[in-house]
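Undergrad:
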Amino acid sequence: MKIGKQARRDGKDLYRMCQLNGVLNETRVRSAVSQVLASKPRNYLAALTHFQRLVELDVQSRTVRIDNAVPTSESQMDTIKASLTQKYGAGLDFQFFVDPTLIGGLRIQIGSDVFDGTVKTRLAALENSF
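For the record, in the sequence shown the residue sitting at position 51 is 55 according to the working numbering, with numbers rising by one throughout.
Below you can see the structure in the form of structure tokens.
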């Protein structure tokens, strides 16, 4: 479905209204969608479709996946969280995973940003250089 310019603007306006201190507020999102569905303005489905896309992109950009070869200690978790919160801002959702195939190091993914300091990646790069 093609979304017109006005529907894009309306979706973006909804998105901006749902932010609180630069972070998307789930309560405001639910309230805004309920109000739009109740009033059903012109092209509301297209506006809500664009709004949904913006919300999904925001959630993805605030989700942090951290893969480690060994279980991460609490002090390491706190240090990583503080560092990434300082760089990317508040409202991040941290997920820690153990992946023994990494051999060593960390792989951090925040939205489309990937920081890969694993031994597995370094060995693969070394293999490709030959």
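Each residue gets a CB set at the ideal place from its N, CA and C atoms; glycine is no exception. Quick caveat: nothing in here was measured; it's all calculated off a predicted structure.
Measuring straight from C-alpha to C-alpha, what distance separates Thr67 and Leu49?
TA: Rounded to the nearest angstrom, the two C-alpha atoms are 27 Å apart.
Undergrad: Since Ala42 contacts Asp14 with CB under 8 Å, what's their CB separation in whole angstroms?
TA: No, Ala42 and Asp14 are not in contact; Cβ-Cβ is about 15 Å, not under 8 Å.
Undergrad: So, is Leu18 buried or exposed, given that buried needs 16 or more other C-beta atoms within 10 angstroms?
TA: Per the 10 Å Cβ criterion, buried.
Undergrad: According to DSSP, is Arg111 helix, strand or coil?
TA: strand
Undergrad: What is the DSSP secondary structure of Thr122, reduced to helix, strand or coil?
TA: coil
Undergrad: To the nearest whole angstrom, what separates the beta carbons of Val118 and Gly108, a pair I think is in contact under 8 Å?
TA: Going by Cβ atoms, the distance from Val118 to Gly108 rounds to 17 Å, so no, they are not a contact pair.
Undergrad: For Leu24, which residues from the same chain have a beta carbon less than 8 Å from its beta carbon, with the 5 sequence-adjacent residues on both sides left out?
TA: Arg32
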